[in-house]
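Colleague: So the protein lines, in turn, are chains A and B.
Reminder that position 200 of the first sequence reads as 200 in the numbering used here, one-by-one numbering, no gaps.
When you read off a place in the second sequence, starting at 1, and then add 204, the result is the number in the numbering used here.
All C-beta atoms, glycine included, are put in the ideal place defined by N, C-alpha and C.
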Amino acid sequence: MKSVEKKAKTVEEAIEMALKELNIKKEQAIIEILEEGNRGILGFMSKAARVRVTQKDNPGQRAMEFLEGLVKHFKINPKIEMFEEQDTINIRFEGKNVGALIGKHGSTLDAIQYLTSLVVNRGVENYKRIILDAEGYRKKREEALERLAKNMARRVKETKKSVILEPMLPNERRIIHTALQGDSMVNTRSIGEEPHRRVVISLK
Amino acid sequence: MIELVEYIAKALVDHPENVTVNQVEGEQSIILELKVDPEDMGKVIGKQGRIAKAIRTVVKAAAAKDGKRVVVEII
Numbered sequence: 001m002k003s004v005e006k007k008a009k010t011v012e013e014a015i016e017m018a019l020k021e022l023n024i025k026k027e028q029a030i031i032e033i034l035e036e037g038n039r040g041i042l043g044f045m046s047k048a049a050r051v052r053v054t055q056k057d058n059p060g061q062r063a064m065e066f067l068e069g070l071v072k073h074f075k076i077n078p079k080i081e082m083f084e085e086q087d088t089i090n091i092r093f094e095g096k097n098v099g100a101l102i103g104k105h106g107s108t109l110d111a112i113q114y115l116t117s118l119v120v121n122r123g124v125e126n127y128k129r130i131i132l133d134a135e136g137y138r139k140k141r142e143e144a145l146e147r148l149a150k151n152m153a154r155r156v157k158e159t160k161k162s163v164i165l166e167p168m169l170p171n172e173r174r175i176i177h178t179a180l181q182g183d184s185m186v187n188t189r190s191i192g193e194e195p196h197r198r199v200v201i202s203l204k
Numbered sequence: 205m206i207e208l209v210e211y212i213a214k215a216l217v218d219h220p221e222n223v224t225v226n227q228v229e230g231e232q233s234i235i236l237e238l239k240v241d242p243e244d245m246g247k248v249i250g251k252q253g254r255i256a257k258a259i260r261t262v263v264k265a266a267a268a269k270d271g272k273r274v275v276v277e278i279i
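Below, the structure is given as structure tokens:
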């Protein structure tokens with residue numbers, strides 16, 4: 001957590017200086033008054049006020065602020081909803097033209113998700129997982145990948161030849177592996193190096 | 205698009221005051237040259253260029269709305 005100490009003639013001034021340096025509002029700060037300060041008599045015996053201001057750690061809010069600023073550049077104005085679980089921050093975009101935030105196979109959504117995770121977890125100890133979704137895309141993609149897995153498994157059984165799928169992200173490969181886990185006739189494994197790792201479906 | 209690259213870069217680095225983005229207009233594309241503090245290079249490039257790739261993906265998507273081809277270069 002970021003923290004600064006400031007000295008000024010009065011407590012208020014010192015707080016203001018610290019807030020300005022941290023670039024935060026008063027509500028986002030923990031303020032400790034280290035020394036009240038004293039105006040003294042006619043300038044004699046005066047003592048400076050000293051405060052320590054610490055930025056409150058609120059990862060969810062940081063994520064929201066970053067994303068609100070980011071989507072402005074897409075010239076869209078989606079509704080952004082957040083709900084936090086223990087170690088995960090879920091954020092959903094809803095509204096017109098949010099498809100621009102998804103991109104091909106969710107590549108834009110994944111890129112935004114990754115950048116948000118970097119911004120939120122920068123210099124903090126408790127890692128938060130960030131999951132972004134737009135218009136229920138994640139769920140739809142999951143269902144599409146499950147269908148793909150089942151279709152390809154059928155093809156493997158019919159032709160008795162292995163099938164190599166296109167490169168996918170780790171979470172997408174996991175969906176394929178999971179979808180075919182219960183299939184007694186095929187097995188799945190991943191080959192190649194990131195970011196070109198692919199799932200291979202073959203006969204057992 | 206300059207503002208967008210600046211916005212993302214500033215959110216990632218330790219020295220946002222040293223972030224600059226310069227726009228060079230090419231014939232068919234716009235090149236955005238991102239410059240950061242030498243200490244922050246890793247923060248905008250990442251392991252195997254993963255962060256740089258994410259920045260490019262987001263900027264490309266935002267620029268697509270204007271029908272422009274945008275290239276982000278880190279210098």
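Got a sec: which bits of the segment 245–267 of chain B sit with their beta carbon under 9 Å from any beta carbon on chain A, in order along the chain?
Modeller: Listed by position along the chain: Lys247, Gly250, Gln252, Arg254, Ile255, Lys257, Ala258, Ile259, Arg260, Thr261, Val262, Val263, Lys264, Ala265, Ala266.
Colleague: Decide if Glu172 (chain A) is buried, meaning its Cβ has at least 16 other Cβ atoms within 10 Å, or exposed.
Modeller: When all chains shown are included, Glu172 (chain A) counts as buried.
Colleague: Per DSSP, what kind of secondary structure is Ala48 (chain A) in: helix, strand or coil?
Modeller: Of the three classes helix, strand and coil, the one that applies to Ala48 (chain A) here is coil, per DSSP.
Colleague: In this structure, does DSSP put Arg189 (chain A) in helix, strand or coil?
Modeller: The answer is strand: DSSP assigns Arg189 (chain A) an E or B state.
Colleague: With 16 as the cutoff for other CB atoms within 10 Å, does Ser3 (chain A) come out buried or exposed?
Modeller: Ser3 (chain A) is exposed by the Cβ-count criterion.
Colleague: Is Glu237 (chain B) helix, strand or coil by DSSP?
Modeller: Correct three-state label for Glu237 (chain B): strand.
Colleague: Would the segment 181–190 of chain A and the segment 145–160 of chain A be scored as touching if the rule is three or more Cβ pairs under 8 Å?
Modeller: These segments touch.
Colleague: If you draw a straight line from the C-alpha of Ala63 (chain A) to the C-alpha of Gln252 (chain B), how long is it?
Modeller: Distance between the alpha carbons of Ala63 (chain A) and Gln252 (chain B) is about 25 Å.
Colleague: Could you name the residues of the segment 101–132 of chain A whose beta carbon sits closer than 7 Å to any beta carbon of chain B, in the order they occur along the chain?
Modeller: Result list: Gly103, Ser107, Thr108, Ala111, Ile112, Tyr114, Leu115, Leu118, Val119.
Colleague: How is the beta strand (DSSP E) around Ser3 (chain A) delimited, first residue to last?
Modeller: Run containing Ser3 (chain A): 3–8, per the beta strand (DSSP E) assignment.
Colleague: If distances are taken between C-alpha atoms only, which option among A:Gly106, A:Ser117, A:Arg50, A:Lys204 comes closest to Pro59 (chain A)?
Modeller: Minimum Cα distance to Pro59 (chain A) is reached at A:Ser117.
Colleague: Spell out whether any CB of chain A is found under 8 Å from the CB atom of Ile212 (chain B).
Modeller: At least one chain A Cβ lies under 8 Å of Ile212 (chain B).
Colleague: By DSSP, does Ile206 (chain B) sit in helix, in strand, or in coil?
Modeller: Helix.
Colleague: Could you pull the DSSP bridge partners for Val201 (chain A) from this structure?
Modeller: The sequence given here places Ile at residue 201 (chain A); Val does not occur at that position. A:Val163, A:Thr188.
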